[in-house]
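Asks:
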Amino acid sequence: MIHVADTHDGADRAADLRAVLVDELRGRGKIATAAVEAAFRRVPRERFMPDGTDLTVAYGVDNSVVTKRDEHGVAISSVSAAYIQARMLEQAEVRSGMTVLEVGSGGLNAAYLAEIVGPQGRVVSVDIDPEVTARATTLLEQNGYGDRVRVLVADAEHGVPAEGPFDAVIVTVGAWDIPPALLDQLRNPGVLVLPLIMNGVTRTIGFRRASERLSSTSAEVAGFVPMQGDGRHPDRVFLLPDGNGRNVRLSFDSGAPREISRLDGVLATERVERWSGVTIDNGVSFADLHLWFAWFLPGFCRIAPDEGTDLAAERRWFPFGVVSGAGFAYLAVRPAAEGEGAEFGARAYGPDGQRAAASMVEQIQAWDRDGRHTEPTFHYWPVGSDPSLISADAPVMDKTHGVVTISWP
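The opening residue of the sequence shown carries number 1 in this note's numbering; numbering runs sequentially from there.
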């Protein structure tokens, strides 16, 4: 049973924090329209949080709050950070009177949607987990949205054909592909917003449907709990032992090396380095470099070193690596030769370590030259699309139900 404790003083403080949150979101450019602003000012965000959540956490612009974990302690449901929710609502271009599908039910985002679409619109929220939908239903009913949002237990991989078509679809879990059932229920034109996983790197992309393809109108850096159900796409994970009882986990979204056994013992070899001459100022994001690796670096993988390994000390700089033959390299930095900031490079192990490091450095330099100061655009082509419409030189990433292409720049 969910209980909401509220006092007059607490309500006043929540209202004050809500106003501060909205002002900060507007200042950051995450809220751009009056409709989204009004929704954020009206919905009591704190009432959709787990019991005991401090108001400052509920209204922290960057705070996500886990609402459910699996038996291994892995988060499988959460309330997304306010800046992510605001930006996704703007990406979806939701307007009064629309019919909207939300995939992933927490209650809060559905309440925002209900405020935006108004009494003439419809909001349907689905989740595969009945515990999650039960919680969302209870919270929506307690806060006056029970008759404004329809919450269903469903696997979004198969859509909800009885409820569509939809003007907009917002997916709030990490998706490796776009289910055909969702496209079948999206109006043309319509907007689909989802966190699309591309070779281990996620971007929340706003897609507009146009004829045979979806074309991106926006893309944001964000992280989400993974999709469950038939749309789930687990990584292939390999453990690289360091010889001291600890491991470095290598996670491949797809295209894992066939002869991964060639890496046996590489962490015991002498480490080599190669540097790119590409620098970055302190405090500046280089998230697009990760995306560049995902698209253009063969053998790309995500890495997670155990505590106590030599790599763990540099964890914050190198969540990504590359495997090339019998070589393993990872992103590294050193102080810039001139001024403040850091220089990107690669550190590597194994008989082919120099080759692995060189491949990473080559892509760092290519990103600096061709991608660093530009924004990529994405297209999704469902199975059955006319292949002649895809540019012959477009980089292509294969999915189960279609392909993704990127233009950068």
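Note that beta-carbon positions come from the ideal geometry of N, C-alpha and C, so glycine has one too.
(1) Could I get the ranges of all uninterrupted beta strand (DSSP E) runs contained in the region 121-164, with 3 residues as the minimum, in chain order?
(2) Is DSSP giving TYR59 helix, strand or coil here?
(3) I'd like the ranges of any beta strand (DSSP E) spanning at least 3 consecutive residues and lying wholly in the region 253-334.
(4) SER216 lies in the alpha helix (DSSP H); which residues open and close that run?
(5) Please report the residue range of the beta strand (DSSP E) in which PHE207 lies.
(6) Go ahead and label GLU340 buried or exposed: buried means 16 or more other beta carbons lie within 10 angstroms of its beta carbon, across all protein chains shown.
(7) Thinking C-beta only, is ASP253 closer than 8 Å to GLY200?
(8) Taking the alpha carbon of GLY245 as the reference point, which residue from ILE303, ASP310 and ALA294 has its own alpha carbon closest?
(9) With H, G and I counted as helix, E and B as strand and the rest as coil, what does DSSP make of MET198?
(10) Just tell me which of GLY164, ALA110 and ALA346 has its CA closest to the CA of ARG334.
(11) Please report the Cβ distance between TYR380 and GLY402, rounded to the nearest whole angstrom; I am assuming they are in contact, meaning their Cβ atoms lie under 8 Å.
(12) Can you list, in chain order, the residues of its chain with a C-beta nearer than 8 Å to that of PRO189? Leave out the 5 residues immediately preceding and following it.
(13) By the three-class DSSP mapping on this structure, what secondary structure does GLU90 have?
(14) According to DSSP, is SER385 part of a helix, a strand, or is it coil?
(15) In three-state DSSP terms, what is ILE76?
(16) Start and end of the alpha helix (DSSP H) containing MET227?
(17) Is it the case that the region 281-288 contacts the region 252-266, given that we only count it when at least three CB pairs across the two stretches are under 8 Å?
(18) What is the C-beta distance between PHE48 and VAL79, in whole angstroms, given that I count them as a contact (C-beta under 8 Å)?
(19) Exposed or buried, ALA15, counting other C-beta atoms within 10 Å across all chains shown (16 or more means buried)?
(20) So, helix, strand or coil for SER359, using DSSP?
(21) Is ALA181 near GLU212, with beta carbons less than 8 Å apart?
Replies: According to the data block:
(1) 122-127 and 149-153
(2) coil
(3) 272-280, 300-305 and 320-324
(4) No alpha helix (DSSP H) holds SER216; the beta strand (DSSP E) holding it covers 213-221.
(5) 201-210
(6) exposed
(7) yes
(8) ASP310
(9) strand
(10) ALA346
(11) 6 Å
(12) ARG208, ARG209 and ALA210
(13) helix
(14) coil
(15) strand
(16) Element bounds for MET227: n/a, residue is neither H nor E.
(17) no
(18) 6 Å
(19) exposed
(20) helix
(21) no
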